[in-house]
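In the numbering used here, the protein residues as written are 6 to 669.
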């Protein structure tokens, strides 16, 4: 009897499920028929539907049209249910879509986009066509809430009047230049503001206002979308609209905002790294910011009582800004995980926050990538493209033959002559192991990157010799006391040798090292090309500098072999492999004092958006200072929280290099 009841219940459930499924299919087919879309087979339909719902459309790198101005801007909300059946889903004729969903793809049923109508400059020369001069976001009218970005604050703004038929016709001309209005553009302008007879504000939907007028030198030429109350746009000529209380009204909590470029592209400043007037050079290393789209959530804030109402990114930025103003570094290195993966659905917004403090202070900066930076909607290549077009950025993608994105070197020049006083190397340490079963954990520096290091070293040889053959300092000029060239290297994931916790170190070694177990001998190559200090991030609560003497000759630096040739490189690799450099982490102590030694440093995590813990860890930044007169490299850290004395202290100050040699 009981078994029969269960059978009846199961049949009833099956029938209900079949009815619901059939109804859903009929509804979908009905919508498809209304949109004029047909499918030759069920398989084709299912494939189309699956692609429409799962294929991301908002991950394209945004770029405006060159040599054009903007004639109109619209916001359109589109139901996802119609997407499988419309080849022109969420489309407006004559407009390009900024492929960033204003809701950050958090809605299951809707997408919302900004649409831009571009007009080539040659088409408006000598014409009366109106273009967009400015943008405002807010519920209040520009009369009450806006300071016109192209005018002075004392503009005489007339009162708001209703749009009559004459104004409606003028706006119609702006939108379609005399052509019939697209049915999709039914977004009635309800208010207009006349400003000095030189432009008028027109209200669009979703808190969007546009100022129309004749083209000027500061006409809107490009438009983008950023998110969050704490968003910034550090690009020259760009102006971010909206604020903490005003964003495009599309529902949800993404807080989308429009940023506009006024006028044409501005030339970036030519930046050189040069020893300062004291013949010194100060570097700040910023590791593991872990920025989000939006303010971000604080992870393991310390002390615990600061957790209430903690906003990760604003608190981190307040810390970074304070130390930049106090220390006044000459150069900044961001060593990866500027962006916190899935917590930053718009990676561009998070990345702009990470570099804005340096651009605002005209501090040159360089970046390397971590394992989280490209886990959102932008690839490493796209992020590097964005970075390379920012003011004061010295970041480079690097040569194609070297694996990864961001393998490059920079030179620090002597104060009086363009001689290379110091070389800085940057490497991409990739992400996770390509063979997790045999080598679990993180990836390692590739053979091609070691070849890049050697080629760069050999290329820089004449520049180093120019510097060391002259003396530009103020100390003893006797023989043997000339200029000494110094080198450092920066990247994200530590080398295998960081696991050697039997080495001596200064600082904290709180968490087990996540360095890759497979060793390609990068430490030995770095030491052979003159690098005396390596500094990384990744392990947030490790902030030590460790002296390492575990060296085996790599075979890549050999003056008897031809330089920068395929044969020479093959012979170098053969010698290196024969020398078992892959097990360099297990090698013994080769050399005394500073001979064959290298300093391996961690910066410690800077961002409140990344993990900490391990008994309580205060975020910090690491600083390095090079003294070209004394041929020294010193280092210290500054912390985010504490008493005034603790905040002012140079924590764990130590001299790493003295008289041009590693101080062991």
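All C-beta atoms in this analysis are idealised placements derived from N, C-alpha and C, irrespective of residue type, glycine included. The structure displayed is predicted, hence computed values, not measured ones.
Got a sec? Which residues, its chain only, sit under 8 Å from residue i by beta carbon, not counting five neighbours each side?
i, result
"residue 505", "551, 553, 555 and 590"
"residue 228", "69, 75, 78, 103, 119, 121, 140, 263, 264, 265 and 266"
"residue 4", "This structure cannot settle anything about residue 4, because the visible part of the chain is limited to 6 through 669."
Out of curiosity, what's the CA-to-CA distance linking residue i and residue j?
i, j, result
"residue 146", "residue 118", "22 Å"
"residue 377", "residue 204", "46 Å"
"residue 546", "residue 610", "6 Å"
"residue 347", "residue 380", "6 Å"
"residue 365", "residue 238", "10 Å"
"residue 195", "residue 143", "Low confidence applies to residue 195: its pLDDT is 46, below 50, so where it sits in the model is not reliable, and the reading given next is rough at best. Taking the straight line joining both Cα atoms gives about 14 Å."
"residue 116", "residue 333", "44 Å"
"residue 318", "residue 626", "15 Å"
"residue 500", "residue 292", "16 Å"
"residue 268", "residue 133", "19 Å"
"residue 425", "residue 297", "38 Å"
"residue 488", "residue 537", "16 Å"
"residue 326", "residue 517", "30 Å"
"residue 270", "residue 427", "33 Å"
"residue 338", "residue 356", "14 Å"
"residue 135", "residue 207", "12 Å"
"residue 255", "residue 540", "44 Å"
"residue 373", "residue 493", "14 Å"
"residue 664", "residue 316", "45 Å"
"residue 654", "residue 510", "20 Å"
"residue 512", "residue 651", "15 Å"
"residue 618", "residue 607", "17 Å"
Specify, as a first and last residue, the run of the alpha helix (DSSP H) that residue i falls within.
i, result
"residue 216", "First-last for residue 216: 213-218, but that is the beta strand (DSSP E), not the alpha helix (DSSP H)."
"residue 461", "452-473"
"residue 360", "352-365"
"residue 382", "That residue, residue 382, is in no alpha helix (DSSP H); it is neither H nor E in DSSP."
"residue 327", "317-332"
"residue 530", "527-533"
"residue 650", "649-653"
"residue 129", "126-129"
I'd like the list of long-range same chain contacts for residue i, defined as Cβ closer than 7 Å, with 5 residues on each side in sequence excluded.
i, result
"residue 275", "none"
"residue 257", "108, 111 and 112"
"residue 450", "432, 434, 525 and 527"
"residue 323", "none"
"residue 106", "63, 116, 117 and 118"
"residue 660", "637, 639 and 668"
Taking the alpha carbon of residue i as the point to measure from, which residue in the options has its own alpha carbon closest?
i, options, result
"residue 385", "366, 399 and 341", "341"
"residue 349", "231, 429, 446 and 402", "231"
"residue 405", "413, 398 and 325", "413"
"residue 622", "628, 84, 211 and 612", "612"
"residue 82", "211, 436, 124 and 72", "211"
"residue 429", "222, 259, 345 and 287", "287"
"residue 251", "221, 214, 241 and 273", "214"
"residue 345", "423, 300 and 335", "300"
"residue 98", "363, 123 and 631", "123"
"residue 138", "617, 91 and 225", "225"
"residue 335", "360, 281 and 372", "281"
"residue 305", "615, 557 and 604", "615"
"residue 273", "244, 602, 240 and 80", "240"
"residue 662", "90, 603 and 351", "603"
"residue 638", "503, 629, 645 and 646", "629"
Over the uninterrupted beta strand (DSSP E) stretch that includes residue i, give me the two end residues.
i, result
"residue 336", "336-340"
"residue 605", "603-607"
"residue 205", "204-208"
"residue 663", "656-663"
"residue 75", "73-84"
"residue 87", "Unbroken run through residue 87: none, as it is neither H nor E."
"residue 640", "637-644"
"residue 426", "425-431"
"residue 91", "Here residue 91 belongs to no beta strand (DSSP E), and DSSP marks it neither H nor E."
"residue 416", "413-418"
"residue 277", "It is not in any beta strand (DSSP E) - residue 277 carries neither H nor E in the DSSP assignment."
"residue 2", "No answer is possible for residue 2: it lies beyond the span of the chain, which begins at 6 and ends at 669."
"residue 285", "285-291"
"residue 543", "Per DSSP, residue 543 belongs to no beta strand (DSSP E) and is neither H nor E."
Less than 6 Å between C-beta atoms, sequence neighbours within five positions excluded: which residues of the same chain meet that for residue i?
i, result
"residue 101", "121"
"residue 636", "489, 664 and 665"
"residue 114", "85"
Would you check if the segment 450-463 and the segment 407-416 touch, i.e. whether three or more CB-CB distances between them fall below 8 Å? With the rule of 3 Cβ pairs closer than 8 Å, the segment 407-416 counts as touching the segment 450-463.
If contact is defined by three or more beta carbon pairs under 8 Å, each pair taking one atom from either stretch, is the segment 521-540 in contact with the segment 455-472? A contact exists between the segment 455-472 and the segment 521-540.
Count Cβ pairs between the segment 388-395 and the segment 425-445 that sit closer than 8 Å; are there 3 or more? At 8 Å Cβ cutoff, the stretches do not touch.
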